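Accompanying notes for the structure given below.
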Amino acid sequence: MDKIGNNKELRSFFYDFFGEEATENLLLFWDKIDQKTTIRVNTLKISKQELAKRLNDKGFLTEELDFYEDALKIIEKPYEIGKTLEHFLGYFYVQSTSSMLPPLVLDPRPYEAVLDIAAAPGSKTTQMAQMMKNKGFILANDISYDRIKALSSNVDRLGTVNVIITMTEGHRISFKYPDTFDKVLLDAPCSALGTMYKSDDLRKWWSYDKINKLTRVQKGLILAGFRALKPGGVMVYSTCTFVPEENEKIVDFLLKREERADIVDINIKRYEGFREGLTEWHKEVFDERLKKTLRVMPSSLFPEGFYIAKIKKT
Ligand SMILES: C[S@@+](CC[C@H](N)C(=O)[O-])C[C@H]1O[C@@H](n2cnc3c(N)ncnc32)[C@H](O)[C@@H]1O
Numbered sequence: 004m005d006k007i008g009n010n011k012e013l014r015s016f017f018y019d020f021f022g023e024e025a026t027e028n029l030l031l032f033w034d035k036i037d038q039k040t041t042i043r044v045n046t047l048k049i050s051k052q053e054l055a056k057r058l059n060d061k062g063f064l065t066e067e068l069d070f071y072e073d074a075l076k077i078i079e080k081p082y083e084i085g086k087t088l089e090h091f092l093g094y095f096y097v098q099s100t101s102s103m104l105p106p107l108v109l110d111p112r113p114y115e116a117v118l119d120i121a122a123a124p125g126s127k128t129t130q131m132a133q134m135m136k137n138k139g140f141i142l143a144n145d146i147s148y149d150r151i152k153a154l155s156s157n158v159d160r161l162g163t164v165n166v167i168i169t170m171t172e173g174h175r176i177s178f179k180y181p182d183t184f185d186k187v188l189l190d191a192p193c194s195a196l197g198t199m200y201k202s203d204d205l206r207k208w209w210s211y212d213k214i215n216k217l218t219r220v221q222k223g224l225i226l227a228g229f230r231a232l233k234p235g236g237v238m239v240y241s242t243c244t245f246v247p248e249e250n251e252k253i254v255d256f257l258l259k260r261e262e263r264a265d266i267v268d269i270n271i272k273r274y275e276g277f278r279e280g281l282t283e284w285h286k287e288v289f290d291e292r293l294k295k296t297l298r299v300m301p302s303s304l305f306p307e308g309f310y311i312a313k314i315k316k317t
């Protein structure tokens, strides 16, 4: 049985979106992927050279990745990289390459006020903290207590001191903090189809009924994130799914609701599999500006599918 299994709705989404042959090729490609092959060096604690040396001394073979100076690929491992002393000491975070992209697009700077509205378990919060050199602050929020425990332990482990953690329904944040933040990251809860290579669970629950519930949450969160931005501030909306209803259609909804919302170009190098956002899906036409958003389709450098939109409050 392949990753889609007997889920007819899921199979029909894949065939509709990619085509039958491309779906089979993607599933075969994903079957061969080693799941934990990339890490982000925590430059708050150690340099990339020093970490690579320590890991090499233990028998790990590492390779640099040109898209991000703090990323390393693990080519050979004598045992799980997560079981090393260096992991325990917070010298690195195991993170997929695609998941490192939204903070790079948002580009938080030292001394800025940043909101991470759906933050747990903290891969992007801790990445942003290191980009900010532990200066300024990040309000890292999530709704799930269990996931906040992981967020809090990752924030501690990585020596991140500019993070304040809150547990609240993200939709409420803009009531408390209107027009407050320089930058907002909304890494939204989504149907996660881009991560199917590491999960067999998705086929058990994926349905359009579930997608409709998710899109209601995504709409509330994108409005709240946008309203919490200062005028002139920038928000990144990201998901790890392919579904246009959770991606372009959510950003299109924001553009229609908030006339001060505009889409900004994403100025990062284009790699294999990078595509512009859709302006049409199932006969529905979206705002032309959505072409400026980014779809990361699975490739050997970025095996996880992602969607990223960069939005400015004018
Ligand atoms: C894609 S995950 C975030 C991953 C995280 N940004 C990272 O990089 O480690 C989405 C998160 O949204 C949270 N979430 C779901 N509904 C929410 C809501 N209404 N308000 C705030 N967070 C919510 C989930 O608990 C989950 O942790």
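Just so you know, we're using my numbering here: the sequence shown kicks off at 4 and counts up by one. C-beta atoms are modelled at their ideal positions from N, C-alpha and C, and glycine is treated no differently. Small disclaimer: the values here were computed from a predicted structure and weren't measured.
Alpha-carbon spacing of residue i relative to residue j, whole angstroms
i	j	result
R298	Y310	5 Å
T68	I42	The sequence given here has Leu at residue 68, not Thr. Going from the Cα of L68 to the Cα of I42 covers about 10 Å.
D182	P234	7 Å
K294	K186	22 Å
T163	S102	19 Å
I120	L109	14 Å
K222	I151	22 Å
F63	I77	7 Å
E251	P124	25 Å
V29	P301	Per the sequence presented here, residue 29 reads as Leu, with Val not at that position. Spanning the two alpha carbons is a distance of roughly 8 Å.
D290	K259	9 Å
Y82	T242	31 Å
P111	R175	23 Å
K179	D149	24 Å
F140	A25	43 Å
A312	Y94	30 Å
L88	Y18	44 Å
A132	V117	10 Å
P306	T244	12 Å
I314	D190	13 Å
E249	G276	19 Å
A74	V237	24 Å
T198	R14	16 Å
K56	E115	33 Å
K136	I167	15 Å
L232	K127	18 Å
E66	E261	44 Å
L54	I84	12 Å
L161	F184	24 Å
K216	I269	29 Å
D212	K61	48 Å
R273	E23	26 Å
W284	N59	48 Å
K6	I49	38 Å
E27	D203	16 Å
S156	M4	37 Å
K286	F16	15 Å
Beta-carbon gap between residue i and residue j smaller than 8 Å
i	j	result
T129	V158	yes
I214	V254	no
K316	R263	yes
T205	T169	According to the sequence shown, residue 205 is Leu rather than Thr. No. Outside cutoff.
P105	M134	no
I266	R230	no
T46	F70	no
W33	Y200	yes
T282	V288	yes
L257	L226	yes
S210	E12	yes
K51	V44	yes
K86	P113	no
G308	L188	no
Beta-carbon contacts of residue i that lie in its chain and below 8 Å, excluding the five residues immediately before and after
i	result
A153	A123, P124, G125
E79	G62, F63, L64
T218	E248, E249, K252, I253
N165	A132, M135, N137, K138, G139, F140, I141
F91	R160
K72	For clarity, residue 72 is Glu in the given sequence; the question names Lys instead. Cβ within range, chain order: K51.
Per DSSP, cross-strand counterpart(s) of residue i
i	result
S241	D190, I311
V117	I141, K186
Y96	R43
W284	E287
A318	The chain is shown only over 4 to 317; residue 318 falls outside these bounds and no answer can be derived.
M170	D145
Proximal residues to residue i (C-beta, below 7 Å), its chain only, five neighbours per side dropped
i	result
G8	R206
D145	A121, A122, A123, I151, L154, M170
S147	A123
G173	I120, A121, N144, I146, L224, A227
V220	P192
F21	L29
I271	L107, V108
N10	R206, W209
Cutoff 8 Å: residue i Cβ touching any chain C Cβ
i	result
D159	Among the chains of the structure shown, chain C does not appear; only one protein chain is present.
Residues of its chain near residue i, where Cβ-Cβ distance is below 6 Å and the 5 sequence neighbours each way are ignored
i	result
K39	V97
D37	none
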